[in-house]
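Be aware that the sequence shown starts at 12, since it is given in my numbering, and climbs by one per residue.
Note that beta-carbon positions come from the ideal geometry of N, C-alpha and C, so glycine has one too.
This structure is a prediction, so every number in the text was calculated from the model and none was measured.
Just below is one structure, and these are the notes that go with it.
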Amino acid sequence: MLKIKVHILFSFFIVTFCYSSEPFSEKKIGKEYSITEKKDAKILIDGLMLEDEWSDLDVIDDYSQSYPLNMAPPSFKTETRLFYTSEGIYIYSRMYDDEPNKIQQRLANRDDYEDGFLESADWIYFSFDSQHDHQTGYVFAVNCSGVQLDAAIYDDEGFDFEYNSIWLSETNIDEKGWTVEIMIPFKALRFDSEVNETWGFDSKRYIFRLDEIDNWMVFPPEVPGVSSKYGHIRGFRNIKSFNSIQLAPYASYNGTIEKESELALNSDGAIIRKDSLNQYDRKYNQQDFGVDLKYSLSSSTTIDVSYNPDFGQVEVDPADINISYYETYLDEKRPFFTENSMLFSLPIEMFYSRRIGEFKDLNNYSIDIPTTIDYAAKISGKQNNGFSFGFINALTSNQVNDTLNIYPFIARNKYNVIKLKQDILNGNSFMGLMVSNYSGLRGDYVKNSSTNIYELDENTTLDVSTYSIDCKHSLFDNRLITDFQYSISSLNREGHANYFNASYNINEYWTTFLSHEYINPSFDNNDIGYTKRNDINSRGIGLMYHDLDFSGNFIERTLSFNYIIQKNISNNLILNEQMSLSARIDLINNNSFVINFIRSLEGADDRLLYDLREDKLGMPMYIPAYNIVSLSWDSDFREQVSFSTYLSYKENSINDYQYSFKYSQVYRPTYNFKMSFDYRYRYLKEKYHWLETITVEDEPHYIFSNINATLQKFVLRLDAFVNKDFTIQSYTEFIKTDDNLSDWAELLNGRFPENSDFINQDGGFGGYSIYADEGQNPQNNQQANPNNDPFFFSKYNEVIFNLILKWKFNQRSDFYFVYTRYWLVNGKKFTSFFDFLEYSGDEFWVERSFDQGISIKYSYKFDI
Numbered sequence: 012m013l014k015i016k017v018h019i020l021f022s023f024f025i026v027t028f029c030y031s032s033e034p035f036s037e038k039k040i041g042k043e044y045s046i047t048e049k050k051d052a053k054i055l056i057d058g059l060m061l062e063d064e065w066s067d068l069d070v071i072d073d074y075s076q077s078y079p080l081n082m083a084p085p086s087f088k089t090e091t092r093l094f095y096t097s098e099g100i101y102i103y104s105r106m107y108d109d110e111p112n113k114i115q116q117r118l119a120n121r122d123d124y125e126d127g128f129l130e131s132a133d134w135i136y137f138s139f140d141s142q143h144d145h146q147t148g149y150v151f152a153v154n155c156s157g158v159q160l161d162a163a164i165y166d167d168e169g170f171d172f173e174y175n176s177i178w179l180s181e182t183n184i185d186e187k188g189w190t191v192e193i194m195i196p197f198k199a200l201r202f203d204s205e206v207n208e209t210w211g212f213d214s215k216r217y218i219f220r221l222d223e224i225d226n227w228m229v230f231p232p233e234v235p236g237v238s239s240k241y242g243h244i245r246g247f248r249n250i251k252s253f254n255s256i257q258l259a260p261y262a263s264y265n266g267t268i269e270k271e272s273e274l275a276l277n278s279d280g281a282i283i284r285k286d287s288l289n290q291y292d293r294k295y296n297q298q299d300f301g302v303d304l305k306y307s308l309s310s311s312t313t314i315d316v317s318y319n320p321d322f323g324q325v326e327v328d329p330a331d332i333n334i335s336y337y338e339t340y341l342d343e344k345r346p347f348f349t350e351n352s353m354l355f356s357l358p359i360e361m362f363y364s365r366r367i368g369e370f371k372d373l374n375n376y377s378i379d380i381p382t383t384i385d386y387a388a389k390i391s392g393k394q395n396n397g398f399s400f401g402f403i404n405a406l407t408s409n410q411v412n413d414t415l416n417i418y419p420f421i422a423r424n425k426y427n428v429i430k431l432k433q434d435i436l437n438g439n440s441f442m443g444l445m446v447s448n449y450s451g452l453r454g455d456y457v458k459n460s461s462t463n464i465y466e467l468d469e470n471t472t473l474d475v476s477t478y479s480i481d482c483k484h485s486l487f488d489n490r491l492i493t494d495f496q497y498s499i500s501s502l503n504r505e506g507h508a509n510y511f512n513a514s515y516n517i518n519e520y521w522t523t524f525l526s527h528e529y530i531n532p533s534f535d536n537n538d539i540g541y542t543k544r545n546d547i548n549s550r551g552i553g554l555m556y557h558d559l560d561f562s563g564n565f566i567e568r569t570l571s572f573n574y575i576i577q578k579n580i581s582n583n584l585i586l587n588e589q590m591s592l593s594a595r596i597d598l599i600n601n602n603s604f605v606i607n608f609i610r611s612l613e614g615a616d617d618r619l620l621y622d623l624r625e626d627k628l629g630m631p632m633y634i635p636a637y638n639i640v641s642l643s644w645d646s647d648f649r650e651q652v653s654f655s656t657y658l659s660y661k662e663n664s665i666n667d668y669q670y671s672f673k674y675s676q677v678y679r680p681t682y683n684f685k686m687s688f689d690y691r692y693r694y695l696k697e698k699y700h701w702l703e704t705i706t707v708e709d710e711p712h713y714i715f716s717n718i719n720a721t722l723q724k725f726v727l728r729l730d731a732f733v734n735k736d737f738t739i740q741s742y743t744e745f746i747k748t749d750d751n752l753s754d755w756a757e758l759l760n761g762r763f764p765e766n767s768d769f770i771n772q773d774g775g776f777g778g779y780s781i782y783a784d785e786g787q788n789p790q791n792n793q794q795a796n797p798n799n800d801p802f803f804f805s806k807y808n809e810v811i812f813n814l815i816l817k818w819k820f821n822q823r824s825d826f827y828f829v830y831t832r833y834w835l836v837n838g839k840k841f842t843s844f845f846d847f848l849e850y851s852g853d854e855f856w857v858e859r860s861f862d863q864g865i866s867i868k869y870s871y872k873f874d875i
């Protein structure tokens with residue numbers, strides 16, 4: 012079957028590869044700029060254009076509005092000049108403005124698109140498709156305060172803001188408006204001047220107070236694509252390749268103090284007594300040295316190596332409460348792994364970079380083995396024939412406690428990922444291959460009671476691989492886009508998965524789409540990738556109406572309908588059959604409103620009855636039909652005070668209900684200070700809330716309860732900028748739960764749980780019910796009351812505080828100071844936030860943790 016699919020795909024590629032044309036060629040007539048070489052130019056980057064070299068250049072001044080009045084003349088004129096030397100490209104732009112005192116300045120971190128650009132300041136960007144493949148490119152943006160942003164374009168649709176290079180820019184505000192002067196070294200780009208003397212090019216300007224975007228290349232807003240829509244710069248000749256080496260050594264110090272108290276557990280993982288606590292007091296001090304190396308083999312190939320990397324300056328992950336079957340997905344924030352990450356991105360995620368350096372969970376999460384990254388290496392590039400390649404290799408060490416005996420002990424974990432991609436259809440589509448391999452610590456270790464050694468089953472495989480092919484086609488000027496992937500996991504040779512998605516723009520208003528995902532029960536890529544679940548067959552269709560024409564008070568109107576049905580493959584159970592209707596309107600005052608209605612028919616959940624402590628799945632559970640209604644309102648983000656609100660209500664056919672409220676507010680009183688606040692509230696009332704599996708004499712009993720649950724979450728962020736090179740940031744998050752569990756029930760053979768003899772007296776607990784009374788110690792093998800057991804997080808409180816000081820001495824050196832503090836109390840309800848912060852006592856059923864640490868890091872980049 013696999014051979015047939017491969018032959019079909021190969022034949023399809025051969026046919027489509029013959030089709031070739033310049034995308035949107037008619038729209039690009041007249042959009043060409045002849046760039047001049049000035050070999051001996053000496054330019055001081057000061058934003059002033061004082062040198063004679065600028066005077067005789069052609070000027071790009073035929074910008075048009077792309078928003079809000081698409082194709083209309085711009086409100087203010089923009090002029091751009093370019094030339095190049097043997098070292099790089101020089102750009103000068105003047106942005107005319109008849110009220111320069113109203114030009115919106117804004118300080119932000121480099122590459123902070125939301126707070127430094129978007130709808131936050133006046134800015135301009137210049138974008139180059141230096142390989143002229145209509146798929147990739149580079150963006151260099153500067154706002155009027157001099158804040159820089161650079162990004163790489165991938166797949167003609169997205170931006171990788173983790174791309175970073177060293178380039179120069181300066182801005183100036185005067186009586187005519189504002190100006191920018193830029194020098195972009197050729198070594199920051201990938202190209203082949205011997206083949207491509209023509210590059211794609213575009214420029215975009217944003218005028219804050221008018222909420223206006225002006226482009227050199229303008230298309231109707233419904234036309235998809237990025238670099239495929241660029242005009243052209245012609246005349247790049249004989250640019251030498253750069254074999255540059257950039258070395259960035261760092262030195263760091265990390266100090267941590269941990270104080271914890273945990274309820275003692277017996278050998279079965281059950282709580283012994285409410286007052287039996289294990290207490291820990293630990294201190295760690297570590298001085299580190301490492302180095303990052305970036306070696307440009309050519310203008311199209313780069314090697315990145317990070318030895319003993321330190322990511323202490325990266326913002327902490329948000330607080331998370333999760334005892335479900337599904338693993339929490341964490342965003343990647345580490346610069347080494349985020350840069351150029353889109354090359355390895357697939358719909359079915361075959362490479363999940365957070366696996367590198369993660370805790371290794373053994374024995375149902377009761378044993379967590381920390382790992383440290385020894386080194387990571389990455390090679391990536393793209394040839395002039397449209398062939399892209401990427402390779403990642405990483406080695407981590409397992410930090411096993413001396414008191415823990417595991418067999419076999421695996422000292423290190425090895426990760427290898429290869430991605431190959433070939434552009435077709437003149438670069439507007441592609442086909443790809445990915446292979447990944449993991450070798451190291453994995454599997455469930457079971458404790459041998461006679462030796463106290465955790466042993467791994469001898470049949471467990473320690474070396475696993477995955478394979479994937481994918482292709483994307485963009486046809487008819489990007490009106491038809493299809494995306495396909497087929498993957499195999501070697502852990503079980505029967506494991507395979509496939510994905511297909513297609514969208515078609517019928518006209519400027521209507522778009523239809525369909526999707527299909529099939530992941531069979533044997534597919535497992537979670538040693539190096541991420542799959543939320545296997546054993547699922549999902550199909551969906553949708554239709555969207557999108558009106559971007561101005562009409563009265565409306566800027567934009569969207570209406571969409573979606574239908575999805577999901578079944579498990581093992582026994583064809585309907586897991587989810589859902590219809591949704593969504594409407595959005597954007598007003599001329601930049602406020603937007605969204606309303607959603609979801610109708611889900613009755614189905615089953617085959618992953619609900621998962622017991623984390625025993626790592627076992629139970630029988631499928633009936634899920635009643637339910638409805639969800641939600642409404643959101645976003646204000647104008649450009650205002651000094653802006654906000655976003657969200658309300659939702661969910662109710663099922665047996666009168667369970669949940670309502671949620673979210674509120675976010677941003678306050679920007681000055682151009683160099685920002686405060687943002689987020690609040691989330693959720694209340695749940697449910698008759699049959701899953702608790703756990705209790706196994707007696709090899710017979711599982713599935714226990715449920717009624718629940719009244721409240722969750723609140725507060726997040727406060729502060730960003731202050733002394734100047735564009737010195738930043739102070741803080742992040743504070745507070746999460747608390749208040750749950751009440753009651754009326755235990757057991758799922759037997761019916762749709763719903765019910766009272767049973769096991770629940771009451773005949774469960775082997777000496778006449779006692781399965782759970783102790785609230786506040787009391789368990790008797791005769793009873794379980795602790797779920798309202799007391801910290802495992803259920805019924806009274807959970809946690810604060811995370813993160814303070815980061817960043818000082819960028821110059822383009823090459825960075826200094827970081829990071830202070831982190833955790834407060835955690837599980838098992839106690841507090842009347843106020845400050846009572847929680849001041850808490851230091853030991854009480855029955857209460858676990859607590861108070862950790863703090865500092866991290867200091869200095870790095871410097873050398874060119875060799």
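query: For GLU849, report the span of its beta strand (DSSP E) as first-last.; result: First-last for GLU849: 844-849, but that is the alpha helix (DSSP H), not the beta strand (DSSP E).
query: Could you tell me which residues DSSP puts in a beta bridge with ASN289?; result: GLU273
query: Take ILE867 as the anchor and find which of GLN787, ASP321 and GLN740 has the nearest alpha-carbon.; result: ASP321
query: Could you tell me whether the Cβ atoms of ASP750 and SER805 are closer together than 8 Å?; result: yes
query: ILE46: buried (16+ other C-beta within 10 angstroms of its C-beta) or exposed?; result: buried
query: Excluding five sequence neighbours on each side, which residues of the same chain lie with their C-beta closer than 7 Å to the C-beta of ARG466?; result: In the sequence on display, residue 466 carries Glu and not Arg. Answer for GLU466: TYR418, TYR456, VAL457 and ASN459, listed in chain order.
query: On the criterion of 16 or more Cβ atoms from any shown chain inside 10 Å, does ASN583 qualify as buried, or is it exposed?; result: exposed
query: Confirm, please, whether the CB-CB distance from ASP185 to THR89 is below 8 Å.; result: no
query: Smallest Cα separation from LEU129: which of ARG220, LYS53 and SER335?; result: ARG220
query: Would you decide whether ILE40 is buried or exposed? Buried here means 16 or more other CB atoms lie within 10 Å of its CB.; result: exposed
query: Using a Cβ-Cβ cutoff of less than 6 Å, which residues in the same chain neighbour PRO260 once the five nearest sequence positions on both sides are dropped?; result: VAL302
query: Less than 8 Å between the beta carbons of ASP167 and HIS145, yes or no?; result: yes
query: Report back the beta-carbon spacing between LEU274 and GLU858 to the nearest angstrom; my notes put them in contact at under 8 Å.; result: 6 Å
query: State buried or exposed for ILE875, treating a residue as buried only when at least 16 other CB atoms are found within 10 Å of its CB.; result: exposed
query: For a minimum of 4 consecutive residues, which ranges assigned as the alpha helix (DSSP H) are wholly contained in the region 537-617?; result: none
query: Are the beta-carbon atoms of GLN616 and MET630 separated by less than 8 Å?; result: Reading the sequence as shown, one finds Asp at residue 616 and not Gln. In this structure, MET630 does not lie closer than 8 Å to ASP616 by Cβ.
query: Pull the bridge partners of ARG711 from the DSSP assignment, please.; result: It should be pointed out that residue 711 corresponds to Pro in this sequence rather than to Arg. Looking at the DSSP assignment, PRO711 forms a beta bridge with THR706.
query: By how many angstroms is the C-alpha of ALA163 removed from the C-alpha of LYS463?; result: The sequence given here places Asn at residue 463; Lys does not occur at that position. Between ASN463 and ALA163, the C-alpha separation is close to 53 Å.
query: Name the one or two DSSP bridge partners that LYS817 has.; result: THR738 and TYR827
query: Determine the burial state of LYS285: buried for a count of at least 16 other Cβ atoms within 10 Å of its Cβ, exposed for fewer.; result: buried
query: In whole angstroms, give me the CA-to-CA distance for ILE15 and ASP481.; result: In this predicted model, ILE15 has a pLDDT of only 39, less than 50, meaning its place in the structure is not dependable; the value taken from the coordinates is given anyway. Roughly 16 Å separates the two Cα atoms.
query: With a threshold of 7 Å, establish whether the CB of PHE572 neighbours any heavy atom of the ligand NAD.; result: As presented, the structure is devoid of all ligands, the ligand NAD included, so that no description of it is given.
query: Count the other CB atoms within 10 Å of the CB of MET228; is the residue buried (16 or more) or exposed (fewer)?; result: buried
query: What's the C-alpha gap between TRP189 and PHE137?; result: 16 Å
query: Alpha carbon to alpha carbon, what distance is there between TRP834 and ASP862?; result: 7 Å
query: Between LYS432, THR472, TYR541 and TYR660, which has its C-alpha nearest GLY454's C-alpha?; result: THR472
query: Where ARG618 and LEU628 are concerned, what is the direct C-alpha to C-alpha distance, given to the nearest angstrom?; result: 7 Å
query: Taking the alpha-carbon of TYR174 as reference, which of ALA152, GLU765 and LEU570 has the nearest alpha-carbon?; result: ALA152
query: First and last residue of the beta strand (DSSP E) that includes PRO680?; result: 668-681
query: Hey, which unbroken runs of the beta strand (DSSP E) at 3 residues or more fall wholly within the region 410-477?; result: 423-435, 440-450, 456-459 and 464-467
query: Is TYR174 helix, strand or coil by DSSP?; result: coil
query: Taking all protein chains shown into account, decide if VAL135 is buried (16 or more other Cβ within 10 angstroms of its Cβ) or exposed.; result: In the sequence as presented, Val is not what sits at residue 135; that position holds Ile. That one is buried.
query: Apart from the five residues just before and just after ARG691, which ones in its own chain have a Cβ nearer than 6 Å to its Cβ?; result: LYS673 and LYS724
query: In chain order, what residues of the same chain have a beta carbon less than 6 Å from the beta carbon of ASN837, not counting five sequence neighbours either side?; result: PRO801, TYR807 and GLU858
query: Suppose contacts are defined by Cβ-Cβ distances below 8 Å. Is ASN409 in contact with ASN396 by that definition?; result: no
query: Please report the straight-line C-alpha distance between ILE609 and ILE639, rounded to a whole angstrom.; result: 5 Å
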